[in-house]
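A.B. asks:
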Amino acid sequence: RAAARSLLVDIHTHTYLPRYAALLRARSTAPRILSRPKQGSKDVLEERLVILDNEPSGGRPVGPQYWDREQKLAFMDKHGIDVSVVSTANPWLDFLPPDTASTLARELNDDLESYCATSPTFTATAATSHQMKRLYALGLLPLVPSVPIASVLSAIDQIATLPHLRGVIVGTRGLGKGLDDAALEPVWQKLAANSLVVFIHPHYGVGGADAWGERDNGHVLPLALGFPFETTTAITRLILAGVLDRHPSLKLLLAHSGGTLPQLSSRLASCITHDPAVAARLQHDARWYLGRLWFDAVCYGPEELEFVASAIGRASRYAESDKIKPGDQTLVAAERKDGSKRLLWGTDHPFFPPIGEGAQDEKWMSVMENLEAVDAVGPWGAEEKDGVRGGNAIELFGLDK
Ligand code: 5CU
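Under the UniProt record's numbering, read the sequence shown as residues 4 to 404, first letter to last.
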């Protein structure tokens with residue numbers, strides 16, 4: 004497999020490794036995997052994944068695509084994906100007591116390393132003959148209430164020594180008090196010092212799902228609204244706590260294109276300005292921080308991608324001075340291109356599979372929509388599109404090293 008063309012890299016793709024799936028099967032409360040007779044046939048059992056509280060319809064069907072590495076590779080082949088940066092799916096270790104979480108983090112990080120290390124190798128570019136693996140991964144930290152911070156730091160040390168782990172995936176609760184908890188300072192410091200990417204991903208959902216109505220809408224409200232609102236709240240708290248001022252080299256990657264942060268960043272800036280106590284804590288205009296973050300390109304539409312890239316690109320206007328006023332149109336074209344450098348393509352596999360009998364053999368609509376969206380962003384040329392499809396991920400995760 005020699006790639007003369009630019010690579011397609013999936014940075015938002017999950018797994019429940021066999022060790023983790025076994026843990027979920029052994030549980031009797033969510034999160035869990037339960038076994039029940041398949042609808043319409045009493046003798047055939049099916050497994051279902053219940054990870055959200057009050058999950059509708061007894062959870063969702065779950066199968067080997069969640070834990071079998073060969074199925075991950077087959078999915079990648081089907082969609083022309085060269086490399087995946089795999090992460091454990093939610094809710095990670097959030098529900099475990101500190102000792103168990105610490106032990107399991109170490110075991111799962113080792114499992115992930117061998118998952119990647121034994122994956123196929125290919126020559127990434129004919130020019131450099133650099134050898135790349137098809138699988139890299141993001142490790143787990145035992146981020147649970149009452150865990151000794153030394154256990155979290157030791158997991159970071161472990162991850163930093165595992166060659167195919169290039170970062171961590173974290174939820175939004177931190178040690179139970181959010182990502183603006185001062186107790187996390189040494190964690191951010193160590194992650195930054197080791198150049199590990201921190202993928203911030205939702206699980207619980209904030210608002211959206213249960214407000215102002217009783218009608219059952221299945222998974223739609225928690226996933227479409229609750230997840231992005233959760234990410235938005237978590238990253239906003241982190242920014243307001245000055246984490247990015249103290250740790251400017253911290254590499255934070257936000258799920259689902261940053262939730263609603265790009266859309267709300269000017270409103271956030273205005274609210275901060277009108278609250279001097281909060282404003283005094285920050286070194287920059289809120290919009291500046293967008294340019295310090297990375298965003299996945301999992302938003303299913305070209306207009307949204309173009310908008311997010313513009314908002315990221317605009318961040319440079321808010322650097323140290325107000326030399327360039329908001330609304331100045333002269334930079335807009337360049338901004339749209341610059342912002343694209345912080346967008347990275349992803350699939351969300353194995354979530355959002357095709358629906359309906361026989362659809363399993365087709366390419367996944369959720370994947371193709373995200374791929375076609377990149378292609379359809381008007382202001383982007385080949386360089387920007389190649390970057391979002393893979394070049395930006397290669398650079399951020401150092402996949403060519
Ligand atoms: O949209 C997503 O990322 C997900 C996810 O990660 N986990 C999940 O349960 N549903 C959707």
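C-beta: ideal position from N, C-alpha, C; glycine also.
Just so you know, these numbers come straight off a predicted model, no measurement behind them.
Going by Cα to Cα distance, which pick from Phe298, Val147, Gly142 and Ser273 is closest to His259?
C.D. replies: Closest option to His259, Cα to Cα, is Phe298.
A.B. asks: Could you check if Ile54 belongs to the surroundings of the ligand 5CU, using beta carbon to heavy atom distance under 7 Å?
C.D. replies: Correct: Ile54 has its Cβ closer than 7 Å to the ligand 5CU.
A.B. asks: So, for Tyr292: in the same chain, excluding its five sequence neighbours on each side, which residues have a beta-carbon less than 6 Å away from its beta-carbon?
C.D. replies: Closer than 6 Å at the Cβ level, and outside the excluded window around Tyr292, lie Ile242 and Leu247.
A.B. asks: Nearer than 7 Å: is that true of the beta carbon of Asp299 relative to any heavy atom of the ligand 5CU?
C.D. replies: Answer for Asp299: no, Cβ out of range of the ligand 5CU.
A.B. asks: Out of Ser44, Val86 and Gly61, which has the shortest C-alpha to C-alpha gap to Ala33?
C.D. replies: The candidate whose alpha carbon is nearest that of Ala33 is Gly61.
A.B. asks: Between the C-alpha atoms of His250 and Asn395, what's the straight-line distance to the nearest angstrom?
C.D. replies: Approximately 21 Å, taken between the alpha carbons.
A.B. asks: For the ligand 5CU, any of its heavy atoms closer than 7 Å to the Cβ of His277?
C.D. replies: No, since every heavy atom of the ligand 5CU falls outside the 7 Å radius drawn around the Cβ of His277.
A.B. asks: Quick check: is any heavy atom of the ligand 5CU less than 7 Å from the C-beta of Ala163?
C.D. replies: No; taking the cut-off as 7 Å, the Cβ of Ala163 has no heavy atom of the ligand 5CU nearer than that.
A.B. asks: What residue from Phe230, Glu309, Asn93 and Leu138 has the CA that sits closest to residue 432's CA?
C.D. replies: This structure does not reach residue 432, given that the chain is present from 4 up to 404, and the question cannot be answered.
A.B. asks: Please classify Ile159 as buried or exposed, where buried requires at least 16 other C-beta atoms within 10 Å of its C-beta.
C.D. replies: Classification of Ile159: buried, given that the 10 Å Cβ count is 16 or more.
A.B. asks: Starting from Phe230, follow its DSSP beta bridges and name the residues at the other end.
C.D. replies: According to DSSP, which records beta bridges pairwise, Phe230 is partnered with nothing at all.
A.B. asks: Look at the alpha carbon of Gln68 and the alpha carbon of Lys254, and state the distance between them as a whole number of angstroms.
C.D. replies: Going by the C-alpha atoms only, they are around 29 Å apart.
A.B. asks: Tell me whether the region 72-89 and the region 9-28 touch, counting them as touching only if at least three CB pairs, one residue from each stretch, are closer than 8 Å.
C.D. replies: Yes, the region 72-89 is in contact with the region 9-28.
A.B. asks: Leaving out the 5 sequence neighbours to the left and right, which residues in its chain are closer than 6 Å to Leu37 when beta-carbon positions are compared?
C.D. replies: So the qualifying residues of the chain are Arg51.
A.B. asks: Helix, strand or coil for Gly394, going by three-state DSSP, please let me know.
C.D. replies: Three-state DSSP puts Gly394 in a helix.
A.B. asks: How about His204: is its Cβ closer than 7 Å to a heavy atom in the ligand 5CU?
C.D. replies: At least one heavy atom of the ligand 5CU is nearer than 7 Å to the Cβ of His204, so yes.
A.B. asks: Is there contact between the region 339-355 and the region 267-277, where contact requires at least three CB pairs shorter than 8 Å?
C.D. replies: The region 339-355, when compared against the region 267-277, does not touch it at the 8 Å Cβ threshold.
A.B. asks: Do residue 1 and Phe202 have their C-beta atoms within less than 8 Å of each other?
C.D. replies: The displayed coordinates of the chain run from 4 to 404. Any statement about residue 1 would go beyond what the structure contains.
A.B. asks: Our contact map puts His17 next to Pro356 with C-beta atoms below 8 Å; I'd like the distance itself, whole angstroms only.
C.D. replies: With 8 Å as the limit, His17 and Pro356 do not qualify as a contact, their Cβ atoms being about 12 Å apart.
A.B. asks: In terms of residue numbering, what span does the alpha helix (DSSP H) encompassing Val155 cover?
C.D. replies: Here the alpha helix (DSSP H) through Val155 covers Ile152 to Thr164.
A.B. asks: Spell out the partners DSSP gives Met368 in its beta bridges.
C.D. replies: Paired residue(s): none; Met368 is not in a bridge.
A.B. asks: Return the CA-CA distance between Ala147 and Arg176, expressed in angstroms with no decimal places.
C.D. replies: In the sequence under discussion, the amino acid at residue 147 is Val, which differs from the Ala named in the question. Val147 and Arg176: Cα-Cα distance of roughly 8 Å.
A.B. asks: Compute every distance between the C-beta of residue 1 and the non-hydrogen atoms of the ligand 5CU, then say whether any falls below 7 Å.
C.D. replies: With the chain represented from 4 up to 404, any question about residue 1 goes unanswered, as that position is not in the structure.
A.B. asks: Excluding sequence positions up to five away, which residues of its chain have a Cβ less than 7 Å from the Cβ of Asp378?
C.D. replies: Around Asp378: Lys388.
A.B. asks: In angstroms with no decimal places, state the Cα-to-Cα distance between Asp325 and Ala289.
C.D. replies: The predicted model places Asp325 with a pLDDT of 48, which falls under 50 and marks its position as unreliable; any figure quoted below should be read in that light. Approximately 13 Å between the Cα atoms of the pair.
A.B. asks: For Ala376 and Pro305, what's the separation of their Cα atoms in angstroms?
C.D. replies: Looking at the two C-alpha atoms, the distance is approximately 4 Å.
A.B. asks: If you draw a straight line from the C-alpha of Lys344 to the C-alpha of Ser44, how long is it?
C.D. replies: Each residue's Cα considered, the two are about 51 Å apart.
A.B. asks: Do you know offhand how far Val370's Cα is from Ala300's?
C.D. replies: Approximately 11 Å between the Cα atoms of the pair.
A.B. asks: Where do the N-terminal and C-terminal ends of the alpha helix (DSSP H) with His222 fall, by residue?
C.D. replies: Element bounds for His222: n/a, residue is neither H nor E.
A.B. asks: Which of the three DSSP states is assigned to Phe78 in this structure?
C.D. replies: In this structure, Phe78 counts as helix in the three-state DSSP scheme.
A.B. asks: Which same chain residues end up closer than 6 Å to Ser132 when comparing Cβ atoms and leaving out the 5 residues on each side of it in sequence?
C.D. replies: Here the set comprises Thr126.
A.B. asks: Is the separation between the beta-carbon of Pro205 and that of Thr234 shorter than 8 Å?
C.D. replies: Yes, Cβ-Cβ distance for Pro205 and Thr234 is below 8 Å.
A.B. asks: Based on Cα-Cα distance, which residue from Val391, Gly381 and Gly384 lies nearest to Leu374?
C.D. replies: Cα-wise, what sits closest to Leu374 is Val391.
A.B. asks: Let me make sure I understand the geometry here. Which of Gly181, Val200, Leu187 and Asn197 has the alpha-carbon closest to that of Tyr207?
C.D. replies: Tyr207 has its Cα closest to that of Gly181, out of Gly181, Val200, Leu187 and Asn197.
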